[in-house]
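Beneath this line is the structure, given in structure tokens, with notes to follow.
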Ligand code: SAH
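Residue numbers (my numbering): 111 to 488.
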């Protein structure tokens with residue numbers, strides 16, 4: 111653990127970007143901040159000031175890799191809508207829609223069921239003004255009513271179908287380190303030379319009952335994700351509907367530091383370029399499922415992204431696209447499908463998992479088994 115300087119650390123000599131200078135100033139004035147607050151401040155700045163996606167950005171996501179991803183989710187939503195008893199109107203929500211690519215592809219695929227499409231009101235939960243603009247452009251021709259909101263709570267009540275792809279990994283987490291005193295919260299402070307460094311709260315957090323296997327173990331608690339999943343589940347349980355949550359992650363509980371920073375498609379030190387790199391953590395789906403159950407919803411899965419997309423017919427859709435494609439386009443389609451479904455370290459097929467939350471009456475969610483076994487465990 112790095113040492114932490116008090117309020118008098120010199121910051122004026124640092125060559126830093128404007129955000130980093132303000133962050134250092136805040137820490138110099140207030141003292142060390144939690145990792146959660148550090149992530150939150152960095153991510154707000156990061157997403158508010160750029161489009162991070164694509165080859166020229168910092169990272170790429172499944173809908174940006176292939177149109178098939180959003181199309182299959184659109185078909186999933188249409189099937190879900192029929193299972194829900196064809197409610198009209200029906201809200202279609204997306205949390206953190208990026209460039210709006212997933213939603214545009216989903217709405218195009220939804221044309222197979224015109225009654226579904228005409229029942230829809232689309233709500234985009236997005237805090238970044240830059241990405242809201244991209245979404246507006248991507249969805250300009252969609253022909254469905256569109257609204258933007260900062261929070262799920264602002265979406266009018268009623269049955270809803272919800273997508274969240276690579277959203278929960280972008281929410282801040284609390285981190286605790288096991289010490290002889292107990293679990294102490296991990297902080298970010300300033301070293302005497304003015305550089306950011308990790309540190310620890312001196313007082314242990316008494317409410318945590320997890321037993322560490324060794325000293326120095328890190329425990330992540332995704333308090334923001336738990337709150338969002340709880341709000342979402344509460345809404346689904348009272349108004350009806352289902353949500354599809356897709357992210358890279360695992361089924362915990364588990365220990366370990368999964369905080370990572372990515373800048374221009376490369377891993378960097380999470381404290382190195384605050385607000386300029388994408389900060390994420392691996393999603394522990396058990397917390398999302400638990401938040402769902404605690405709010406009287408049900409959960410389904412998780413399954414791997416590969417199993418989910420294969421179950422929804424990714425191969426069939428790829429074959430039909432290839433019939434109308436040039437040889438080089440057909441090759442690109444094959445590569446994209448491979449990237450989305452490949453197992454092992456390289457691909458997204460196994461690293462990414464899919465979990466659904468739903469109204470308790472919805473026993474069948476396309477592509478996902480009911481999480482009964484784990485229900486009992488939580
Ligand atoms: N789902 C998209 C983009 C993923 S990037 C895709 O798959 O391509 C994360 C998205 O979440 C961005 O749109 C970002 O602006 C948004 N976001 C991050 N934190 C948010 C928050 N607290 N509230 C709402 N949106 C947020």
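Heads up, the beta-carbon is just placed ideally off N, CA and C, and yes, glycines get one too. Small disclaimer: the values here were computed from a predicted structure and weren't measured.
**OP:** Using 10 angstroms around the beta-carbon of residue 357, count the other beta-carbons present and answer buried if the total reaches 16, otherwise exposed.
**Re:** buried
Subject >> Beta-carbon proximity check, residue 408 vs residue 362, cutoff 8 Å >> reply: Cβ distance not < 8 Å, so residue 408 and residue 362 don't count as in contact.
**OP:** Note down, in chain order, each residue of its chain lying with its Cβ closer than 6 Å to the Cβ of residue 274, except the 5 sequence neighbours on either side.
**Re:** Cβ within range, chain order: 205, 355.
Original post:
Do the region 251–260 and the region 220–231 meet, that is, are 3 or more Cβ pairs less than 8 Å apart?
Top reply: yes
Original post:
In the structure shown, what three-state DSSP assignment does residue 194 receive?
Top reply: coil
Subject >> Reference residue 325; option with closest CA among 306, 286, 300 >> reply: 286
**OP:** Below 6 Å CB to CB, which residues in the same chain sit around residue 410 once its five sequence neighbours on both sides are set aside?
**Re:** Counting only residues of its own chain and dropping the five nearest sequence neighbours on each side, residue 410 has a CB closer than 6 Å to the CB of 466, 475, 478, 480, 481.
Subject >> Buried or exposed by the 16-neighbour rule on C-beta atoms within 10 Å, applied to residue 226 >> reply: buried
Original post:
If you measure from the CB of residue 171, is any heavy atom of the ligand GTP nearer than 7 Å?
Top reply: This structure lacks the ligand GTP; the ligands present are the ligand SAH.
**OP:** Between the Cα of residue 276 and those of 238, 165, 170, spot the shortest distance and give me the residue it belongs to.
**Re:** 170
Original post:
Which residues share a DSSP beta bridge with residue 270?
Top reply: 201, 351
Subject >> Exposed unless 16 or more other CB atoms sit within 10 angstroms - verdict on residue 192 >> reply: exposed
Original post:
Quick one: what does DSSP say residue 113 is sitting in, helix, strand or coil?
Top reply: Any reading at residue 113 is ruled out, since the residue's pLDDT is 31, under 50, leaving its predicted position unreliable.
**OP:** Quickly, what does DSSP pair residue 480 with across the bridge? List them, please.
**Re:** BP columns for residue 480 point to 410.
Original post:
Where residue 202 and residue 249 are concerned, what is the direct C-alpha to C-alpha distance, given to the nearest angstrom?
Top reply: One alpha carbon belongs to residue 202, the other to residue 249, and they sit about 13 Å apart.
Original post:
How should residue 463 be labelled, buried or exposed, when 16 other C-beta atoms within 10 angstroms of its C-beta is the threshold for buried?
Top reply: Buried, because 16 or more other Cβ atoms sit within 10 Å of the Cβ of residue 463.
**OP:** Would you tell me roughly how many angstroms separate the C-alpha atoms of residue 328 and residue 296, rounded to the nearest one?
**Re:** 9 Å
Original post:
Using the C-alpha atoms, what's the distance from residue 353 back to residue 420?
Top reply: 19 Å
Original post:
What are the residues that DSSP puts in a beta bridge with residue 329?
Top reply: 286
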